[in-house]
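Throughout the sequence shown, residue numbering follows the numbering used here, covering 1030 to 1666 in sequence.
Please read the structure below before turning to the comments.
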Amino acid sequence: MSWYKIDSLEEYFKAYRESVDQPEKFWEDIAEENFVWRKKWDKVLEYDLHEAQVKWFLNAKLNITENCIDRHLAERGEKTAILWEPNDPNEAAKQITYKELYHQVNRFANVLKSKGIGKGDRVCIYLPMIPELAYAVLACARIGAIHSVVFAGFSATALATRINDSECKMVITSDGAFRGGKTIDLKGIVDEALEQCSCVENVLVAKRINSDIELKENRDHWLQPLLDEAADSCEAETMDAEDPLFILYTSGSTGKPKGMLHTTAGYMVYSSFTFKNIFQYQEEDIYWCTADIGWITGHSYIIYGPLANGATTVMFEGVPSYPDFGRFWEVVQKHKIHQFYTAPTAIRALAKENLDFVENYDLSSLKVLGTVGEPINEEAWHWYNDHVGKKKNPIVDTWWQTETGGIMISPIPYVTPTKPTYATLPLPGIQPGLMDETGKEIIGNQAEGRLCIKFPWPSMARTIWGDHQRYKETYFTAFPGNYFTGDGALRDEVGYYRITGRVDDVIIVSGHNLGTAPIEDAINEHPAVAESAIVGFPHDIKGNALYGYVILKETGEGRDRDNLRKEINQEISDKIGPIAKLNKIQFVPGLPKTRSGKIMRRILRKIASGDTSNLGDTSTLLNPEVVEHIMTHVIKD
Ligand code: WTA
1030 MSWYKIDSLE EYFKAYRESV DQPEKFWEDI AEENFVWRKK WDKVLEYDLH EAQVKWFLNA
1090 KLNITENCID RHLAERGEKT AILWEPNDPN EAAKQITYKE LYHQVNRFAN VLKSKGIGKG
1150 DRVCIYLPMI PELAYAVLAC ARIGAIHSVV FAGFSATALA TRINDSECKM VITSDGAFRG
1210 GKTIDLKGIV DEALEQCSCV ENVLVAKRIN SDIELKENRD HWLQPLLDEA ADSCEAETMD
1270 AEDPLFILYT SGSTGKPKGM LHTTAGYMVY SSFTFKNIFQ YQEEDIYWCT ADIGWITGHS
1330 YIIYGPLANG ATTVMFEGVP SYPDFGRFWE VVQKHKIHQF YTAPTAIRAL AKENLDFVEN
1390 YDLSSLKVLG TVGEPINEEA WHWYNDHVGK KKNPIVDTWW QTETGGIMIS PIPYVTPTKP
1450 TYATLPLPGI QPGLMDETGK EIIGNQAEGR LCIKFPWPSM ARTIWGDHQR YKETYFTAFP
1510 GNYFTGDGAL RDEVGYYRIT GRVDDVIIVS GHNLGTAPIE DAINEHPAVA ESAIVGFPHD
1570 IKGNALYGYV ILKETGEGRD RDNLRKEINQ EISDKIGPIA KLNKIQFVPG LPKTRSGKIM
1630 RRILRKIASG DTSNLGDTST LLNPEVVEHI MTHVIKD
């Protein structure tokens, strides 16, 4: 029997046991039976977690696009690979078959080559959710170039930082983006970013909104004419199992974003194995993940996982609120979606609206509902279950991270009994552990601690681009020999996991990871600001929102406070992007600090969330009077 698809709880436990007892054999069987290789591995796994070194399928050779596209052509050539649904419901959807995908990707790959891109070069992709984004990603993989997709909501400064960090030779963008009722000038943002980047030689521009843009001579090129001229077949590059596939940036608790590097074979095996099991995909199903390809969810569960399985994957350009709050459900009805995968923040936003928006549509095609990105609260879980799933569809609450490459803890639908707010059980191959404050593992159920993974899995990130030391320090030093996730979790009496949230300085706002340090850096650039501290506080829709405590310089004291607030948020928007704007800004005379000068964020978090009854131990505070002042002037709703 192949372990590829788990159909019963018994089989799950059996697979899990095997995966722990004989991890190499477990993954070797899956790799052997489900993929095409140009050469098989000499060894399945080599690792040293103390040194943050992991290699899977050593010396195997393959190309991931042959697994995602070429091998399906014979039997699924006319099957829709990507079903593209535009921002405007009046514009026609596009069905891109596997055969068409093959030609588009090959043409695109030839264009990349003609512009000097080869194996190992980095290509930054800054595009809206249009088919060209999928083609661009796969074209890079076809020729062995490393793609770095930057979410098209990031600002010029954030884009420039990412382009420079991985020294991208090329940027692929569009003349603009549609987003609900708005248009966004993506090319303008790229132009601004490139003023700070000397590494970029060429910019390819897809046409989407037909705006009047300027092409810089010798640097910028319209994409379509190049595609039209290119040959529609391109030999796939032979890649080593451990050759880099992509870099994807994620926020850290300090300083600049971390370019997480994923490699080829392990990532492919794990993203497709999890896709198959977590969505129980059947040949005729239409699967929809509403994420943006700019995030890891889009990489693993819009592109690579579904396509490696020969699935039909929906790519949605729009937003859940346009033209109205019924859009998701209208699309589910229109395309008869079977699996629907979204974020708790979207569910909470929709749950606030009139029920008619859901009830007006026929959702009977749905079989599996998923969530990802942040803890789902009980109320949202029930709303999703009652009104979308009509209590007949299992909800898979999937916990994972950019760093993990694929889903780690999740129910398998129709197999694992679900429990609201619980991600339930680890997938085969995943060995979680809860650690206490002293670094010891807590054994047994009914435990709470810091969530670690004790054994390597195929799709774990291999390093932070250009900074292996940082990778090691961030993930492998807190609990030596283990991967530390940065999350807290509890394990209930039957061994189900519930993720309780971040235990570091990353705050998840509407499902987006935001590091406090880069936001504080942005605020501190404002000429009137002396110092600042950001914390998260609970928010009905966003899960968390941001609360800023700001100390002004003397020169700022006389300024109008509301104008200052606007300017500070503009500063954040320019440096990072609108997603990082603060909901509340309080001007304070000082910040609570320890005698060694560390900001006591714990106290600031409590005050921001309106919970000042017990501030905990404040005896190490250098300036207790500041706390009093902050509490009396706290900004309420
Ligand atoms: C959080 C997204 C609770 C968690 C795939 C993690 C979750 C961070 C869940 C990673 C979930 C993700 N329940 N929390 N089901 N899924 N998280 O890198 O804090 O954007 O560490 O990857 O999101 O976010 P990232």
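From the three backbone atoms N, C-alpha and C, an ideal C-beta is built for every residue, glycine too.
The Cβ-Cβ distance between Y1451 and Y1525 falls below 7 Å.
The continuous stretches of alpha helix (DSSP H) do not include L1651, and DSSP gives it neither H nor E. For T1545, the enclosing alpha helix (DSSP H) begins and ends at 1545-1553.
Going by DSSP, S1048 is part of the alpha helix (DSSP H) stretching over 1038-1050.
When DSSP states are grouped into helix, strand and coil, E1075 belongs to the strand group. Selection W1486, Y1576, K1501 evaluated against I1537 yields Y1576 as nearest (Cα-Cα). A1270 places its beta carbon 7 Å or farther from that of A1060. Distance from the C-beta of P1455 to the nearest heavy atom of the ligand WTA is not below 6 Å. Annotation for R1248: N1231, V1232 place their beta carbon closer than 7 Å to its own, counting only its chain and skipping 5 residues before and after. Relative to the ligand WTA, even the nearest heavy atom lies 6 Å or more away from the CB of Q1599.
The region 1145-1158 and the region 1366-1375 do not touch, with fewer than three beta-carbon pairs separated by less than 8 Å. Here I1175 is bridged, per DSSP, to R1151.
Between the region 1118-1131 and the region 1301-1309 there are fewer than three inter-stretch CB-CB distances shorter than 8 Å, so the stretches are not counted as touching. For E1403, the shortest separation between its Cβ and any heavy atom of the ligand WTA lies below 6 Å. When rounded, the separation of the alpha-carbon atoms in N1474 and M1158 is 43 Å. In the DSSP secondary-structure assignment, D1426 is bridged to T1400. Relative to D1534, the option among G1458, G1544, M1297 whose CA is nearest is G1544. Residue burial annotation: G1587 is exposed, with fewer than 16 other C-beta atoms found within 10 angstroms of its C-beta. With distances taken between CA atoms, T1094 lies nearest to S1301 out of T1190, S1301, L1038, K1610.
According to DSSP, N1573 shares a beta bridge with P1567. Short note on N1542: C-beta closer than 6 Å to some heavy atom of the ligand WTA. In the displayed model, S1602 falls within a helix according to three-state DSSP. The beta carbon of W1428 sits closer than 6 Å to at least one heavy atom of the ligand WTA. Secondary structure at V1219: helix, using DSSP grouped into helix, strand and coil.
DSSP places M1437 outside both helix and strand once states are collapsed to three, so it counts as coil. In the three-state reduction of the DSSP assignment, N1231 falls in the strand class. Taking a 10 Å sphere around the C-beta of F1042, we find fewer than 16 other C-beta atoms and assign the residue as exposed.
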